[in-house]
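Asker: Numbering (the numbering used here), first residue to last: 781 to 907.
For every residue, glycine included, the Cβ atom is placed at its ideal position computed from N, Cα and C.
For clarity, every value in this text was computed on a predicted model and none was experimentally measured.
Sharing a structure with you now.
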């Protein structure tokens, strides 16, 4: 019984990566997503895959922290700009997985100090 649940969970996790990739690509092509949100998400994605980091990737655990925080901030910004309903339109996975993912993105983004988040939001919403 536990083996079947473990396998089902593993399948969901494996499917999350392509579904997340499709979600980001579809949102990038959606005219309802503001250009600044698309640019921020694109910069975050490039930064995450770039060898240049604020915290070097070779440092265990901490090395990916800056990448994860920036991606979470970018995805939350897109979600705040267009709403969960638009994001759901582009999501291929189960609704409950998207709900958990959105909650996780918010929790991760909330670890960034509030003054920094507010400054970023002001910048993204300006002119």
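Under 6 Å Cβ to Cβ from residue 878, same chain only, skipping five residues before and after it: list those, please.
Answerer: Position 98 of the chain shown, counting from 1, holds the residue named residue 878. Closer than 6 Å at Cβ, skipping near neighbours: 871.
Asker: Measure the CB-CB distance between residue 862 and residue 813 and report whether it falls below 8 Å.
Answerer: The count along the chain shown starts at 1 and reaches residue 862 at position 82. The count along the chain shown starts at 1 and reaches residue 813 at position 33. It is a contact, given that the beta carbons lie within the stated cut-off.
Asker: Touch check for the region 818-825 and the region 844-864: three-plus C-beta pairs under 8 Å?
Answerer: yes
Asker: Which of the three DSSP states is assigned to residue 848 in this structure?
Answerer: The residue you call residue 848 lines up with position 68 of the chain shown. Secondary structure at residue 848: helix, using DSSP grouped into helix, strand and coil.
Asker: Hey, how far is the Cα of residue 798 from the Cα of residue 902?
Answerer: In the chain shown, residue 798 corresponds to position 18, counting from 1. In the chain shown, residue 902 corresponds to position 122, counting from 1. Rounded to the nearest angstrom, the two C-alpha atoms are 32 Å apart.
Asker: Considering Cα atoms alone, identify which of 899, 805, 896, 839 is closest to residue 855.
Answerer: Counted from its first residue, the chain shown places residue 855 at position 75. Of the listed residues, the one whose Cα sits closest to residue 855 is 805.
Asker: Could you tell me the alpha carbon to alpha carbon distance between residue 869 and residue 802, rounded to whole angstroms?
Answerer: Taking the first residue of the chain shown as position 1, residue 869 is located at position 89. Taking the first residue of the chain shown as position 1, residue 802 is located at position 22. In a straight line, the C-alpha of residue 869 is about 12 Å away from that of residue 802.
Asker: In terms of residue numbering, what span does the alpha helix (DSSP H) encompassing residue 842 cover?
Answerer: Here residue 842 corresponds to residue number 62 of the chain shown, with the count starting at 1. Residue 842 -> no alpha helix (DSSP H), and no H or E assigned at all.
Asker: By the 10 Å Cβ neighbour count, where 16 or more other Cβ atoms means buried, how is residue 783 classified, buried or exposed?
Answerer: Translated into positions along the chain shown, residue 783 becomes position 3. Exposed.
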